[in-house]
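Residue numbering for the sequence shown follows this note's numbering, starting at 118 and increasing by one per position.
C-beta atoms are modelled at their ideal positions from N, C-alpha and C, and glycine is treated no differently.
These figures come from a predicted structure and were not determined experimentally.
Here's the structure we're looking at; comments come further down.
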Amino acid sequence: MAGVQNRVAVVTGAAQGIGAAIAIRLAAAGAAVAVVDLAQDATADTVAAITSAGGSAIGVGADVSKSDQVQAAVERVAAELGGLDILVNNAGVLRDNLLFKMSEDDWDTVMNVHLKGAFLCSKAAQKYMVEAKYGRIINMSSTSALGNRGQSNYSTAKAGLQGLTKTLAIELGPFGVTANAIAPGFIETAMTKATAERVGTTIEQMREAVAGAVPVRRGGVPADIANTALFFAGEESGYVTGQVIYVDGGRGLL
Ligand code: NAP
Numbered sequence: 118m119a120g121v122q123n124r125v126a127v128v129t130g131a132a133q134g135i136g137a138a139i140a141i142r143l144a145a146a147g148a149a150v151a152v153v154d155l156a157q158d159a160t161a162d163t164v165a166a167i168t169s170a171g172g173s174a175i176g177v178g179a180d181v182s183k184s185d186q187v188q189a190a191v192e193r194v195a196a197e198l199g200g201l202d203i204l205v206n207n208a209g210v211l212r213d214n215l216l217f218k219m220s221e222d223d224w225d226t227v228m229n230v231h232l233k234g235a236f237l238c239s240k241a242a243q244k245y246m247v248e249a250k251y252g253r254i255i256n257m258s259s260t261s262a263l264g265n266r267g268q269s270n271y272s273t274a275k276a277g278l279q280g281l282t283k284t285l286a287i288e289l290g291p292f293g294v295t296a297n298a299i300a301p302g303f304i305e306t307a308m309t310k311a312t313a314e315r316v317g318t319t320i321e322q323m324r325e326a327v328a329g330a331v332p333v334r335r336g337g338v339p340a341d342i343a344n345t346a347l348f349f350a351g352e353e354s355g356y357v358t359g360q361v362i363y364v365d366g367g368r369g370l371l
């Protein structure tokens, strides 16, 4: 099974959380991985986890919302790792607030990192993918795409990512490039810990509440998303495109 063996992958926001788990999973399956995050120093733990397990990885510092930094990062990856086959647009931030209290800056920051970031990275990466007639783009959406109180900015960006995914699938499909999205529910990371603190609860209480509310009776962990990303990234998934998989323990069924 070819899977992601000898493929080159870029995972953004991979210093920690879901991105780190995806980078580690892809590397364990044989991909050379560029671990991208705001500061290169911050990627050291993920890179070390990959290389100490015998995998191949480099750390790259780039702000995905800045076109010059994205262009430089993608060119560096292609030069150092020999191409670019898989892009995971995972970098993200939260600036939650009720609409009447949400600042313009909170709106712009979330749009710029999630939506513009995915646009810039996809645009830079597709050049290599189209040339090679092979590529896999995976965008990180969220169950919040369906609407979530206090997240008008984030919900909009995550719904926008689903539209971007479907359009990339249409435009790039003729060149052997697929585009798919993952929409996680609650996944325990620094992001959800910060949310718990903001709403005056703890991550343990939040995990318990989620476990009680979803059919599979547990909270999500980054490995749940990494597993789904590996499926989309694999060579054998070439007939799967424009899809959104909700990885939420079945919450959407209730
Ligand atoms: P996380 O632990 O906060 O990790 C996100 C990473 O992205 C951080 O290392 C962050 O760096 C980095 N980042 C932020 N802005 C960036 C930029 N402009 N350029 C490059 N990197 C940037 O979050 P997570 O929970 O793993 O979330 C990963 C993705 O999954 C996000 O897109 C999130 O919206 C999505 N998601 C998460 C959940 C969940 O329950 N955790 C659910 C649905 C969707 P800093 O720490 O320096 O800011």
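Inset, instruction - Would you mind stating whether Asn-270 and Asp-223 have Cβ atoms separated by less than 8 Å? - result: yes
Inset, instruction - Could you have a look at Arg-253 and say whether DSSP puts it in helix, strand or coil? - result: strand
Inset, instruction - Compare the Cα-Cα distances from Gly-337 to each of Ile-304, Val-331, Phe-348 and Val-357 and report the closest residue. - result: Ile-304
Legend entry - Spatially closest choice to Gln-188 from Ala-148, Ile-255, Leu-215 and Ala-235, by CA coordinates: Ala-235
Inset, instruction - Quickly, what does DSSP pair Ser-173 with across the bridge? List them, please. - result: Ala-149
Inset, instruction - Please report how far the alpha carbon of Gly-317 lies from the alpha carbon of Ala-311, in whole angstroms. - result: 10 Å
Inset, instruction - Just mark Gln-279 as buried or exposed, buried being the case when its beta carbon has 16 or more other beta carbons within 10 Å. - result: buried
Legend entry - Helix, strand or coil at Val-247 according to DSSP, with G and I counted as helix: helix
Inset, instruction - Figure out for me which residue from Glu-221, Val-177 and Leu-143 has the closest Cα to the Cα of Gly-130. - result: Val-177
Inset, instruction - Check each candidate in Leu-371, Glu-352 and Thr-345 and name the one with the smallest Cα separation from Arg-334. - result: Leu-371
Inset, instruction - Using only alpha-carbon positions, find the residue among Arg-315, Val-294 and Thr-306 that is nearest to Glu-353. - result: Val-294
Inset, instruction - May I ask you to list the residues that DSSP assigns as paired with Thr-129? - result: Val-153
Legend entry - Inter-residue Cα distance where the pair is Gly-200 and Val-125: 6 Å
Legend entry - Beta-carbon proximity check, Leu-285 vs Ser-239, cutoff 8 Å: yes
Inset, instruction - Report yes or no: do three or more beta-carbon pairs, one from the region 249-258 and one from the region 210-230, lie closer than 8 Å? - result: no
Inset, instruction - Could you have a look at Leu-178 and say whether DSSP puts it in helix, strand or coil? - result: This sequence places Gly at residue 178; Leu is not what is there. In this structure, Gly-178 counts as strand in the three-state DSSP scheme.
Inset, instruction - Can you grab the Cα-Cα spacing for the pair Ala-300 / Ala-196, in whole Å? - result: 32 Å
Legend entry - Which residues DSSP lists as bridging Pro-301, in chain order: Val-364
Inset, instruction - Classify Gln-268 as helix, strand or coil using the three-state DSSP reduction. - result: strand
Inset, instruction - Counting only runs of 4+ residues fully inside the region 312-347, write out the alpha helix (DSSP H) ranges in chain order. - result: 320-330
Inset, instruction - Have a look at Ala-119 and Lys-244 and give me their C-alpha separation to the nearest angstrom. - result: 23 Å
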